[in-house]
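See below for the structure under consideration.
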Amino acid sequence: MARSLHARLYGLPTAPSPLPTALDELLQVLGTARDGDQKQAVLVQLADQLRNAAEILEWARDNARQLPAPIWEWLRDATDTTRHLADGLDSVRPSFAAPQAPAAPLPPPAPAPPHAAPARR
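The numbers in the sequence shown follow UniProt numbering, run straight up by one, and end at 121.
Right, here's the structure in full:
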C-alpha cells in the first residue's frame, strides 16, 4: 500500500495489478490490453487456467467410481487436449511481445509489354 501511495504521489509507475483468474474477466482485460506485454500476460494466465482445468479433468477421471470405458477415455482425451492447448499458447505467446517487423516492400510491377498497333487494312 505504501509503495502504491508513494508511486502515485511522485508520478512513478505503479506495480501492475494482477490479472483476474475468471475467464470472462480475462477476456475483458484482453479487450483493453494496449501493448504486447499485456497481451502476453493474458495468454500466460489463460495457459495456467487451462492447465488447472486439465488437473480438474484428471482428478474427475481418477476419482469417479465405475466409469464406463468410453467416458474414461473421453476424460483422458479432454485432459490431453487441454494440456496441448496450454502448451500451444506458450509457443505462440512470444509473437505478441515481439515488435512487428514492417512487411518487406513489394517489388515494383514489371512494365507492361508494349501493345502492337493494330494492322491497317
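Cβ coordinates follow ideal geometry from the N, Cα and C atoms, glycine included. Model, not experiment: these values are computed from the prediction.
Roughly how many whole angstroms lie between the Cα atoms of residue i and residue j?
{"i": "L50", "j": "P105", "result": "40 angstroms"}
{"i": "E73", "j": "H84", "result": "16 angstroms"}
{"i": "P107", "j": "L89", "result": "35 angstroms"}
{"i": "P68", "j": "L75", "result": "11 angstroms"}
{"i": "P18", "j": "L26", "result": "11 angstroms"}
{"i": "R93", "j": "V44", "result": "8 angstroms"}
{"i": "I71", "j": "R61", "result": "9 angstroms"}
{"i": "N63", "j": "Q28", "result": "34 angstroms"}
{"i": "S91", "j": "W59", "result": "26 angstroms"}
{"i": "D77", "j": "S95", "result": "28 angstroms"}
Write down the C-beta distance between residue i and residue j rounded to the nearest angstrom, noting that I regard them as a contact closer than 8 angstroms.
{"i": "A97", "j": "D37", "result": "6 angstroms"}
If you drop the 5 nearest sequence neighbours on each side, which residues of the same chain put their C-beta closer than 6 angstroms to that of residue i?
{"i": "A53", "result": "T82"}
Report yes if the C-beta distance between residue i and residue j is below 8 angstroms; otherwise report no.
{"i": "A47", "j": "K39", "result": "no"}
{"i": "L30", "j": "V42", "result": "yes"}
{"i": "T79", "j": "L57", "result": "yes"}
Go through its chain and collect everything with a Cβ distance to residue i's Cβ below 7 angstroms, but skip five positions before and after it.
{"i": "R65", "result": "none"}
Can you list, in chain order, the residues of its chain whose CB lies under 8 angstroms from that of residue i, leaving out five sequence neighbours each side?
{"i": "D35", "result": "none"}
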